[in-house]
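Trainee: Residue numbers (our numbering), protein chains in the order written: chain A, 0 to 125; chain B, 0 to 125.
A virtual CB, placed ideally from N, CA and C, is assigned to each residue, including glycine.
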């Protein structure tokens, strides 16, 4: 299993790669059968095709992610961080979402699940 | 189901009640069949008796919890926050753990699951 340090390194790299708009490199951090629940409570994106589409869309929109605190590890296969997401929301303009991302990892150190905790009121004009 | 605002209010109150050492009031925030995984990857504490024991121990040790950021909501029944835990660890002295707590809630707005993300290296001398 990946160590806490391994998981933290992937999460920090994830934020940098999303911000660089490199959808292909972001998707490469994920396991083939991974799931994304962003925000938690929304329909779950599952599998490679859905994940590719999710990050192609995010990167095309110019989304930026900055780690605000953490990542924090665990004694299992997951880690979590606080982050700021900056994104231009159609019809709403530049928007800042402060949120928590929790990620689970498989034995190869790939992300097997990502969950982002934010609600409507956590979105603010940037 | 509880709103994001409801869940955030419970989490803020949780931190205040733990810091005040009021184990009984903390336990009252939990559903009878709730689970605690603190840290994530450690054995899960399950049910009222285990939860009472967990918080009686925590409150007896004088643990303090301060919300550092959030709580952040979701579009489902869970929310998350970053917090600082100050605790006197036997044989180690005053210790600061920066961590993320994720909580799930039942239809009555009681905490049904708590997970705390922190690893050995997230514990620092206070």
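Identify whether residue 109/B lies in helix, strand or coil by the three-state DSSP scheme.
Mentor: Three-state DSSP puts residue 109/B in coil, outside helix and strand.
Trainee: Sort 69/A, 70/A, 124/A, 117/A by Cα distance to residue 40/A and report the nearest one.
Mentor: Taking only the C-alpha atoms, the option nearest residue 40/A is 117/A.
Trainee: Does the separation of the CB atoms of residue 68/B and residue 94/A fall below 7 Å?
Mentor: No.
Trainee: With distances taken Cα to Cα, identify the nearest neighbour of residue 61/B among 9/B, 20/B, 0/B.
Mentor: Taking only the C-alpha atoms, the option nearest residue 61/B is 20/B.
Trainee: Kindly indicate the opening and closing residues of the beta strand (DSSP E) around residue 83/B.
Mentor: Segment 77–88, the beta strand (DSSP E) holding residue 83/B.
Trainee: By Cβ distance, which residues of its chain are closer than 6 Å to residue 5/B, with the 5 residues on each side in sequence left out?
Mentor: Counting only Cβ-Cβ distances below 6 Å, and skipping sequence neighbours, we find 108.
Trainee: For the segment 56–83 of chain B, list every residue whose C-beta sits within 8 Å of some C-beta in chain A, in sequence order.
Mentor: Cβ contacts with chain A come from 67, 68, 69, 71, 72, 73, 74, 75, 76, 77, 78, 79, 80, 81.
Trainee: What does DSSP give as the partner residue(s) for residue 120/B in the beta ladder?
Mentor: DSSP lists no partner for residue 120/B.
Trainee: Mapping the DSSP letters down to three states, classify residue 101/B as helix, strand or coil.
Mentor: In the structure shown, residue 101/B sits in a strand (DSSP, three-state: E or B).
Trainee: Using CA atoms only, rank isn't needed, just tell me which of 50/A, 15/A, 124/A, 8/A is closest to residue 126/A.
Mentor: A question about residue 126/A goes unanswered here, because the residues of chain A that appear run from 0 up to 125.
Trainee: So, is residue 113/A buried or exposed, given that buried needs 16 or more other C-beta atoms within 10 angstroms?
Mentor: Buried: at least 16 other Cβ atoms inside 10 Å.
Trainee: Does any residue of chain B have a CB that is nearer than 7 Å to the CB of residue 9/A?
Mentor: Cβ-Cβ to chain B under 7 Å: no for residue 9/A.
Trainee: Hey, would you say residue 106/B sits closer than 7 Å to residue 0/B, going by beta carbons?
Mentor: In contact: residue 106/B and residue 0/B (Cβ atoms closer than 7 Å).
Trainee: Quick one: measure Cβ to Cβ for residue 64/B and residue 84/B, integer angstroms, because I've assumed they're closer than 8 Å.
Mentor: Residue 64/B to residue 84/B, Cβ: 5 Å. Contact.
Trainee: Report yes if the C-beta distance between residue 59/A and residue 71/A is below 7 Å; otherwise report no.
Mentor: No, they are not a contact pair.
Trainee: Can you tell me whether residue 73/A is helix, strand or coil according to DSSP?
Mentor: Coil.
Trainee: What are the start and end residues of each continuous alpha helix (DSSP H) run of 4 or more residues lying completely inside the segment 0–34 of chain B, in chain order?
Mentor: Fully enclosed alpha helix (DSSP H) runs of 4 or longer: 3–18, 22–26.
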